[in-house]
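Residue numbers (this note's numbering): 16 to 185.
Here's the structure, in structure tokens; my notes come after.
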Amino acid sequence: MKLIRIAALALALVSTGYAGMVSAAQKVAVVDLRTALLSSQAAKKFGENLKKDFADEEARLREVGEQAQKMQERLKKDSAIMSETERTKLNAELEEKAQEFNFLKNKYQSAISKREELFLQESKPKVDEALKKIAEKEKVDVILPSKLAVYANPSLDLTAKLIEALNSAK
16 MKLIRIAALA LALVSTGYAG MVSAAQKVAV VDLRTALLSS QAAKKFGENL KKDFADEEAR
76 LREVGEQAQK MQERLKKDSA IMSETERTKL NAELEEKAQE FNFLKNKYQS AISKREELFL
136 QESKPKVDEA LKKIAEKEKV DVILPSKLAV YANPSLDLTA KLIEALNSAK
């Protein structure tokens with residue numbers, strides 16, 4: 016949607032003659048923020064810490080999933096020789112285990128998402144500052160997310176420079 020608006024605005028500027036008002040000397044560059052941030056040493060360290068912090072929850076989730084899978088396999092394999100009461104009881108236990116699994120999975124994913132969001136919020140000022148310094152050094156007037164550009168000369172891609180700046184920032 017934003018891309019359509021930008022394209023429409025650009026077309027309007029060109030078609031109405033206002034394109035001359037935009038200096039031809041302006042330098043526009045692109046950056047893949049997601050790649051830069053995820054490739055940074057801080058993100059890698061964050062990922063390692065996240066894995067350590069949630070190792071117990073992940074193990075519990077895996078354990079409950081395996082238990083549910085074993086129950087399901089037993090029900091499938093032995094249902095023909097089980098009494099109706101046994102089958103009903105195992106079905107109820109399986110349903111309970113599935114609910115426990117879903118609850119734990121949602122809790123785990125929610126906790127991970129919150130931590131990731133916090134990391135992104137904490138990283139934003141560092142990314143913004145690094146981009147500002149890169150823009151000044153490279154004499155860039157506008158930096159766009161690379162996903163918005165239909166085409167950009169690879170020499171205008173600042174992603175590698177942003178990764179380097181993020182890794183050298185303390």
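In this text, a Cβ means the ideal position worked out from N, Cα and C, and glycines have one as well.
Model, not experiment: these values are computed from the prediction.
Pick from K154, A70, A180: whose alpha carbon is nearest that of Q41? K154
List the DSSP bridge partners of V79. Partner(s): none; V79 has no beta bridge.
Measure the alpha-carbon distance for F118 versus L177 and round it to whole angstroms. 39 Å
Which of helix, strand or coil does DSSP assign to A57? helix
Buried or exposed: which applies to A180, given that a residue is buried once 16 or more other Cβ atoms fall within 10 Å of its Cβ? buried
Coil, strand or helix - L159 by DSSP: strand
Beta-carbon contacts of E108 that lie in its chain and below 7 Å, excluding the five residues immediately before and after: M86
What residue from K152, S161, L76 has the CA that sits closest to D47's CA? S161
Ordered along the chain, which non-local residues of its own chain (more than five positions away) have a Cβ less than 6 Å from that of Q136? none
Just checking my contact of L105 with L90 at CB under 8 Å: how many whole Å lie between their CB atoms? 5 Å
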